[in-house]
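The structure under discussion appears below in the form of structure tokens.
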Amino acid sequence: MMKKQQSGFTLIELMIVVAIVGILAAIAIPAYRDYMTRSKVSECAASLGACKTSVAEFSASRGHMPANATSAGCSTTASQYCDTLTVAGGAITIQVSGTGDATADACSLTLTPVVAGGSITAWTGSSAPATCSKYVPAKFR
């Protein structure tokens, strides 16, 4: 008598595969959502970087910090994920908005110049409130 050769998968094998895919999706989807929010907040950090150059140039050429974003030569135009950019005493602050995450949308990123000997020697980053540290780049934590 010949044995019938098995073809295809058994029900239990298919159920195991579905369970594994479900577990991976449960882990991957929230991680992907956080990744997307972090990338949106990073756009605002890049905007600060562009303004940082303008503030440093203004300070080096005039010997004092700019009074506001306009005098520093920074763009104050809102983008898809960044709302308002302000400059006060050399400190550059931008408000995050439109990321789709309420915690990230409440964040503001600030770059503050470190002045030594009348010139800017470094920049320090900070963010507020503390709850948004999950989404901001490492320099702002």
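My numbering applies: residue 1439 is where the sequence shown begins, and numbers increase by one.
Even for Gly, the Cβ is constructed at its ideal location relative to N, Cα and C.
Exposure label - residue i; buried when at least 16 CB within 10 Å
| i | result |
| --- | --- |
| S1497 | buried |
| V1459 | exposed |
| A1505 | exposed |
| S1445 | exposed |
| S1535 | buried |
| T1515 | exposed |
Nearest-angstrom beta carbon gap, residue j and residue i [assumed within contact, 8 Å]
| i | j | result |
| --- | --- | --- |
| T1559 | A1529 | With a Cβ gap of about 15 Å, T1559 and A1529 do not count as contacting. |
| P1575 | S1485 | Actually they do not touch by this definition, with Cβ atoms about 12 Å apart. |
| S1517 | Q1533 | Not confirmed; about 11 Å, so no contact. |
Residues of its chain near residue i, where Cβ-Cβ distance is below 8 Å and the 5 sequence neighbours each way are ignored
| i | result |
| --- | --- |
| G1501 | G1556 |
| T1569 | T1541 and A1544 |
Residue i in three-state terms, based on DSSP
| i | result |
| --- | --- |
| A1581 | Missing from the structure shown is residue 1581; the chain here goes from 1439 to 1579 and no further. |
| T1448 | coil |
| A1516 | coil |
| D1539 | coil |
| A1576 | helix |
| P1429 | Residue 1429 lies beyond the residue range present for the chain, which begins at 1439 and ends at 1579; the question has no answer from this structure. |
| A1566 | strand |
| A1544 | coil |
Close beta carbons around residue i, own chain, < 6 Å, minus the five adjacent residues each side
| i | result |
| --- | --- |
| K1577 | G1563 |
| Y1580 | Because the chain in this structure spans residues 1439 to 1579, residue 1580 falls outside the shown range and cannot be described. |
Indicate whether the contact test is met: 3 or more Cβ pairs, each with one atom in the region 1530-1544 and one in the region 1467-1478, closer than 8 Å. yes
Would you call the region 1506-1514 and the region 1477-1493 touching, i.e. three or more CB-CB distances under 8 Å? yes
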